[in-house]
Every structure is written in C-alpha cells, then in structure tokens.
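Q:
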Amino acid sequence: MKYSFEDQDYNFEIAHNGNAPIYSLRVATLSSNFAFNFLDFVKMPVASTIGKHTHFTDSQEIYIIISGNGEMIVNEKNYIVKKGDVIVNPIGGTHQIKNMGSEEICFVVIETQVH
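Here it is as structure tokens:
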C-alpha cells in the first residue's frame, strides 16, 4: 500500500489535552489486515503540542519525523527532533511532542501491538 500526506481530509482536533488543534488522519488500522494497530499522519502547526500521555502496556508507538522540527519528551527525557528522526515510545511509556520550530512539523505515528 502507498500513502501520502498530500490531498488528505485531515481531522482538526486537540490531541491528549494539547495546547492547540493539530491535523491528524488515521490512514490504516489493524482491521485493514496490517500487523500494527494503526498508522497516523500528523501535521502540527507552529507552537502546538500533543499533550503528555501514557500508553497501556500492550502497545508502543513509533514516531517518524517527515519535516519540521520540535521537541519530543519520552519518559521525562527531552529530545530535539527533526526530519529523518525516529523516536520509539517504549511499552507503557509517557510522552508528548511540541512544535518548537518556525514551520509545521509532519510525522507518522505507528502503534504496534505487544504480545
């Protein structure tokens, strides 16, 4: 399957009690016959955040930064992230992301199932 950030009908919503709405779209799910729970496209405007939150112990998330830059906090450790970076939120991990740059940050989120 091929997916693209272009020409999509994104949802405009606040994610995990962030400070401002972001654009997100769930493009695939486990029910689509994939081995992951979901695949999301996210576009975060300048100065927006996805609030701090914790996942259950049955999944983990992988963030792949496509463009822009920001700050990702994973289990109280801060990382500056930019195009090409991959961040793994561990099983049961707590995380959030902030757009600290001067342009929109775009990334892919893949949630995997832990067996």
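Numbering (this note's numbering), first residue to last: 6 to 120. Note that CB positions come from ideal geometry on N, CA and C, so glycine has one too.
Is I110 near N74, with beta carbons less than 9 Å apart?
A: Cβ atoms of I110 and N74: closer than 9 Å.
Q: Please classify F39 as buried or exposed, where buried requires at least 16 neighbouring CB atoms within 10 angstroms.
A: By the 10 Å Cβ count, F39 comes out exposed.
Q: Fully enclosed by the segment 51-77, which beta strand (DSSP E) runs are 3 residues long or longer?
A: Counting whole runs of 3 or more residues, the segment 51-77 contains the beta strand (DSSP E) stretches 54-59 and 64-72.
Q: Excluding sequence positions up to five away, which residues of its chain have a Cβ less than 6 Å from the Cβ of N16?
A: Cβ within range, chain order: S29.
Q: Per DSSP, which one or two residues make a beta bridge with Q118?
A: Q118 is bridged to S64.
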